[in-house]
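Here the structure is laid out as C-alpha cells; the discussion comes afterwards.
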Ligand SMILES: [Zn+2]
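Residue numbers (my numbering), protein chains in the order written: chain A, 1 to 800; chain B, 801 to 1143.
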C-alpha cells in the first residue's frame, strides 16, 4: 500500500521531519516501510484553460488544432488526445514552462503554430498515462494557476500489505495519520464529514441480513446521482500518484474514500433495484454477470447482495452488471458494508478478482467505518460543488457502529510484561494519542476503553494493550535483562544426540559427506529404478509437481539419484543422510506421528582398480562402527537370498540385526539396476532404523574387566564350513562354545580353493586363553583343545 | 707441472661457492673441481708420491680427503638451498608426503549450525526437542491461535496431505505439544525441517530448517527476550558488540509480536549492499500468546513466556556466505564437501 505524505498532511502536521526519518519511525513503531519514493510534479507557469475551438487537421493518427482560452488569453496548440473537445477544461503548459518531457517551446507543426502543450497526467509527472489530456471540473476559472490545486512535490511511503494484515484500521490514509500523530506526539485533525443525522427524517431504505456473522453491518443511502463530471484536481492528482486511474467524479470519490478511510464503497443504480437490499448466501450454482461484463459462475455459499429475488452484487468483490451505474443513472444507492473477511477472501480468490476493496474486506473491517465513510463521501461530494439530494435516510443494519470494548489490566501488568517500570502518566498519555481512553483505578488496575475502529478482533486482550503502549514507548527504551539462571539440568535428547554422534563418526572418521534430499520421491526416478512405494505411503494433496507427490518411505532412492550428478566431479565418494521417512504404519493412535527416522548411506566408486569386496567391507566396517558407538555392541548381518526392493538383490544384500532385532539392511548393487543408476562403477548402500539404535543413555555403561597379571596364550584353528552358508551363521554356531579359560576369539582369515574338500571354506580363528589366578600349564591347554574339539564335533565341524 | 696448494684451492673454492647463484653454477663447480680434469685431479697429479715419506703421504691423504669432503658437503648444502627444498640424500623418510586415509568427510551446513546452536542453548539451560514433520492441522495452526479463517493461514502456504495432516510450516507446531508434555517453567528449543509451498529458485525453497525457542516462566518479560536474544547472537557471531532492535511484527501466536533486526555485521550499520538499511531482519519473535499457553495447559495468569524462530538455513547462509538457498537440498558434493566435519 502506498501512502502519500501530501495527502497525510491533511490530517497531521509532518513538517520539520524528513521523510526518511518518518519512515524509520513508522517502521519501528507501526509496520515496516519498505520504500520511500519522491515525486516531482510540474506546476510552475502551467494554467487551467478551456478548449474553445477544436479543428481536426488529420485523421489516423488524429491531430487537432486546438484553441485554448486561459483567462482572457488564447493559445493555439496541436493536440493528439482523443478526448480533446470544445468545452473541455484542461491543463495547458504555455511555451516557457517546463513539463516532464522538457522545456515547452513555441514550434511550427505542419505549418501550424503551437504555443504550448495540452497536458496528460504523464506530462505533469503524476504517472505514466499519456494517451488522454486531463479533464478538470467546470468550476475552475480559466487562467487559474495549476499550482493553486496541486503540489509541486510529494513523497510516497510503501508499506508491505502483509505487515498490515492484523490492522484493518490502517488500510487508509486517515488510519496511518492517526499512527503518525501518536508516534510524533502531534495533533490528529478530525476528518470532515456530513452529519448523517441530517437525513433522519427521510424514509428508511429496507435492509435485511440473513446471518449477522456474514455481514456484521450494512449501511446505505439513496441519492440523486451527481452530474457526470471529473473529480477535483487535488483528488485526481492524489489518486494518480498512488497508482489509481481517474475516471469520473463518482468513481474517483468512492475510491478516494476507500483510500482515505479504509472502507470500500459501492454505488448501485437505484432505479435498477427493487427498493430493498438483502445480504445472504448463494443457495445454488448460478451464473452472474459482473459489471465488467464478464459472466462468472457463483457457487453455493458465496455471499451476495440481493434486491428482490435477484442477486445484484458479489458482496465485497464486484457489483453486478444488472445494477451498474451508467451515464443515464438518475438515482444512486450508495453502499458501505462490512462482511466476514474469510468469505470475501474465498470468493475473490476463486473468481480471481482480488481488488483493493476485497483486500480490505478480507481483513474484517471495523463496522465503525460504515457510517464514517458515507459521511465523508457526502462531504467530499459537497466540497466538489455537487450537493446531492438524498431520497432516503442513512439506513443501517447490524451491530452498533460505535461499539467499543472495555479492558481492565491487573496492577503492574504493563511494567511486568515490559520488564521495566513504565510511569502511569506515560502509559495513559500514549494510549490517549492512539485514541484509547484510559485511567488507573486506586487498586492499581488500568481501565482501557478501546476505540471503535480497533474493537473488532484487533484489540481484545490485555496483551494487545502491552503492544500498543510499548511500540510507542519504544522497544529500544527497554533495558535488556537476563532471566534468572536455571539450576535445573537440561533434559537430554537421546535421538538428537545419537544422530549427532553418528553424523560426526561417519563424516570425520569414515569420510562420508552428509547431504539432504527432499522429503518426497520423484516418481520418474522410481520408475527408472523400478521401485513401487509400499502401501500406506503418504501422499500430498497439493504437491509442487505431480511427480513429487509421494512422501519418501526410504532414503535410498533419493540418494541413488545423486550418483549420476556427482560422478563427474569425483570418481569415488560416500554420501549419507539422516532424515525422516513417512508412512501410515508409523502412526500412533493419535495419528500425530506417521514417520520414522532413518540413516542411509551410499558409497560409489568408478576407480578402475577398486576391489568390490574390499569396498563393501570398508563400508560395512563404517556401518558397524556407527552402530557400535550407539549400542556398544556388534551387529549381526544375515545374508538374504531373495529379491526385495530393487536395490535388495538376491545374494547381494543382508539384513542387519542387533540383539535379534532387525535394524536395517545393506548391500551392493548389481545388474540390471546398476546400469540404470550409473554407467560405470560400484555402489554399496545401507539403511538403518535410527529409532532402533537409540541407546538407553548417551554415555553407555562400560564395566572394567580386570587385567590378568598372568600371560595369555593363543591357539589358531582353521575350521571348515559349508561354502553356501554364511560366516555369520558359523559365528553364531561358534558362539555356543563356552569355556572358562577363553578370554577372546578373533577372526584371522578365510580361505577357499585348492587343498580343501569341495564345497568347503576354511575360516581361521584365534582363541586367546588364560586365567586370572595362575599361569596355565600344558594340561590346561590340552583340556581346552579337547573341549573345543568335542564342541566342534557336536556341531559337525571339522578342522582343515 | 704446475703445482697448487691446499690453501689456494680452499680459498678459491670458498669464493666461487659464494658466487654460485643457480644450479648450473653448482654443476660447473662440480666439473671444475671434481671432474676428470678437475682441480682435485690436478692436485693429486701435482705431487710426486714417490718422493714423499709415509708420514707425508698419510698427511696428504688426510688433507686431501678432508678438503674433498668439505667440497662435497658444501656443494650439496648450497645446492639444496638453491633447489629450495630439503631434498637430501641423508634422510630415511620424507615425512612431508601425505598421510594415508586422512580425508575427512563433511557435515551438512545446516546441521553444523544446528550443532553449534544446540550447544549454545544448552549452556543457557534450554533442552532440545525435535517433534514430527507430519503434524495435525491443530498443532500447526489452531493451537497457535491461527483459526481457520485467519489470513495468517494464507500467509504460509501449506503442503497438505491427502489424509488431512500437514507438513509442518514452522517448528512452532511443537509449542503446544511441548507445553503439554513438560508444563511450566520450560526452556526448550525445537530444531527441525519445515516445509512451505514455494517455487524453488535462488532465494526460495520449499524445504528449510528452523530452530524455534520457547521460554516460559513466572514474570518473563520483553526485557528478558531482548537479553536472551542478544546473548545468543553474540555467541552465534562470536562478537560482543552485536546490536539488535525490536520492531512490531505480527504472528498470531505471540502478543506482542516482534521482528528482531541485527545491525549489519559487514558494514556496522552504515548500510551496504547486503543490508541496504544497516539492519538485517533476522528473528521473528514475541511474547507467547495466552491462548497458546492455555492450549498447552499452562495458566497464563501465572506464567508468561517468549518464543522466537531462527531460520537455521538462513543463518547457515549468513555464516558461510552461501548465496543460493537451493544449494542446500541439491546433494551436489561440490557444495556439501566444503563443510568439513570439524565439530
Ligand atoms: Zn551492511
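The beta-carbon is built from N, C-alpha and C at its ideal position, and this holds for glycine as well.
Cβ pair residue i, residue j closer than 8 Å
{"i": "residue 603 of chain A", "j": "residue 680 of chain A", "result": "no"}
{"i": "residue 255 of chain A", "j": "residue 126 of chain A", "result": "no"}
{"i": "residue 1019 of chain B", "j": "residue 437 of chain A", "result": "no"}
{"i": "residue 270 of chain A", "j": "residue 331 of chain A", "result": "yes"}
{"i": "residue 475 of chain A", "j": "residue 1046 of chain B", "result": "yes"}
{"i": "residue 647 of chain A", "j": "residue 669 of chain A", "result": "yes"}
{"i": "residue 1141 of chain B", "j": "residue 905 of chain B", "result": "yes"}
{"i": "residue 1133 of chain B", "j": "residue 684 of chain A", "result": "no"}
{"i": "residue 1055 of chain B", "j": "residue 1015 of chain B", "result": "no"}
{"i": "residue 1063 of chain B", "j": "residue 1043 of chain B", "result": "yes"}
{"i": "residue 582 of chain A", "j": "residue 595 of chain A", "result": "yes"}
{"i": "residue 942 of chain B", "j": "residue 996 of chain B", "result": "no"}
{"i": "residue 264 of chain A", "j": "residue 387 of chain A", "result": "no"}
{"i": "residue 760 of chain A", "j": "residue 733 of chain A", "result": "no"}
{"i": "residue 296 of chain A", "j": "residue 288 of chain A", "result": "yes"}
{"i": "residue 56 of chain A", "j": "residue 67 of chain A", "result": "no"}
{"i": "residue 334 of chain A", "j": "residue 221 of chain A", "result": "yes"}
{"i": "residue 1084 of chain B", "j": "residue 1128 of chain B", "result": "no"}
{"i": "residue 522 of chain A", "j": "residue 561 of chain A", "result": "yes"}
{"i": "residue 168 of chain A", "j": "residue 363 of chain A", "result": "yes"}
{"i": "residue 930 of chain B", "j": "residue 1008 of chain B", "result": "no"}
{"i": "residue 147 of chain A", "j": "residue 114 of chain A", "result": "no"}
{"i": "residue 366 of chain A", "j": "residue 454 of chain A", "result": "yes"}
Cβ-heavy atom distance, residue i to ligand 1, below 7 Å
{"i": "residue 1074 of chain B", "result": "yes"}
{"i": "residue 1078 of chain B", "result": "yes"}
{"i": "residue 1082 of chain B", "result": "no"}
{"i": "residue 1064 of chain B", "result": "yes"}
{"i": "residue 219 of chain A", "result": "no"}
{"i": "residue 1071 of chain B", "result": "yes"}
{"i": "residue 70 of chain A", "result": "no"}
{"i": "residue 630 of chain A", "result": "no"}
{"i": "residue 1067 of chain B", "result": "yes"}
Ligand 3 heavy atom lying under 7 Å from the CB of residue i
{"i": "residue 540 of chain A", "result": "No copy of ligand 3 occurs in the structure displayed; its ligands are ligand 1 alone."}
(request) With 8 Å as the C-beta to C-beta threshold (strictly closer), list the residues of the stretch 515–540 of chain A near chain B in chain order. (result) Within the stretch 515–540 of chain A, the qualifying residues are 515, 516, 517, 518, 519, 538, 539 and 540.
(request) Taking a Cβ distance cut-off of 9 Å, strictly less, list which residues of the stretch 1012–1027 of chain B are near chain A, in chain order. (result) Answer in chain order: 1015, 1017, 1019, 1020, 1021, 1022, 1023, 1024, 1025, 1026 and 1027.
(request) Output, in sequence order along the chain, the residues in the stretch 967–988 of chain B whose CB is closer than 9 Å to any CB in chain A. (result) If the cut-off is 9 Å between Cβ atoms, the stretch 967–988 of chain B has 967, 977, 982, 985, 987 and 988 near chain A.
(request) Residues of the stretch 415–443 of chain A with a CB closer than 8 Å to any CB of chain B: list them in chain order, please. (result) Those would be 416, 417, 418, 419 and 420, in chain order.
(message) Whether or not the stretch 629–645 of chain A and the stretch 654–673 of chain A are in contact is what I'm after, with contact meaning three or more pairs of Cβ atoms, one per stretch, closer than 8 Å; do they touch?
(response) In short, these stretches touch, since the Cβ pair count reaches three.
(request) Check each residue of the stretch 556–585 of chain A: if its Cβ is closer than 9 Å to any Cβ of chain B, include it; give the result in chain order. (result) Cβ contacts with chain B come from 558, 559, 561, 562, 565, 566, 569, 570, 573, 574, 575, 576, 577, 578, 579, 580, 582 and 584.
(message) Taking beta-carbon pairs under 9 Å, can you tell me which members of the stretch 481–506 of chain A lie near chain B?
(response) Those would be 481, 482, 483, 484, 485, 486, 487, 488, 489, 490, 491, 492, 493, 495, 496, 497, 499, 500, 503, 504 and 506, in chain order.
(request) Return the residues of the stretch 852–881 of chain B that lie within a Cβ-Cβ distance of less than 7 Å from chain A, sorted by chain order. (result) Correct list: empty, as no residue qualifies.
(request) Output, in sequence order along the chain, the residues in the stretch 171–184 of chain A whose CB is closer than 7 Å to any CB in chain B. (result) Listed by position, the residues of the stretch 171–184 of chain A near chain B (Cβ gap below 7 Å) amount to none.
(message) Whether or not the stretch 81–99 of chain A and the stretch 47–67 of chain A are in contact is what I'm after, with contact meaning three or more pairs of Cβ atoms, one per stretch, closer than 8 Å; do they touch?
(response) Yes, the stretch 47–67 of chain A is in contact with the stretch 81–99 of chain A.
(request) Compile a chain-ordered list of the residues in the stretch 454–481 of chain A whose CB is closer than 9 Å to at least one CB of chain B. (result) Listed by position, the residues of the stretch 454–481 of chain A near chain B (Cβ gap below 9 Å) are 461, 462, 463, 464, 466, 467, 468, 470, 471, 475, 476, 478, 479, 480 and 481.
(request) Could you say if the stretch 347–362 of chain A and the stretch 309–326 of chain A meet the contact criterion of at least three C-beta pairs nearer than 8 Å? (result) As far as the Cβ criterion goes, the stretch 347–362 of chain A touches the stretch 309–326 of chain A, which means the pair count is three or higher.
(request) Count the CB pairs spanning the stretch 1096–1116 of chain B and the stretch 970–979 of chain B that are closer than 8 Å, and state whether there are at least three. (result) Yes, since at least three Cβ pairs between the stretch 1096–1116 of chain B and the stretch 970–979 of chain B fall closer than 8 Å, the two stretches touch.
(request) Evaluate contact between the stretch 199–214 of chain A and the stretch 275–285 of chain A, counting only Cβ atoms and requiring at least three cross-stretch pairs below 8 Å. (result) By the Cβ test, the stretch 199–214 of chain A is in contact with the stretch 275–285 of chain A, since at least three Cβ pairs between them sit closer than 8 Å.
(message) If contact is defined by three or more beta carbon pairs under 8 Å, each pair taking one atom from either stretch, is the stretch 90–102 of chain A in contact with the stretch 31–50 of chain A?
(response) Judged by pairs of C-beta atoms under 8 Å, the stretch 31–50 of chain A touches the stretch 90–102 of chain A, as three or more such pairs exist.
(message) For the pair the stretch 709–718 of chain A and the stretch 758–778 of chain A, tell me if three or more CB-CB distances fall below 8 Å.
(response) Yes, they touch.
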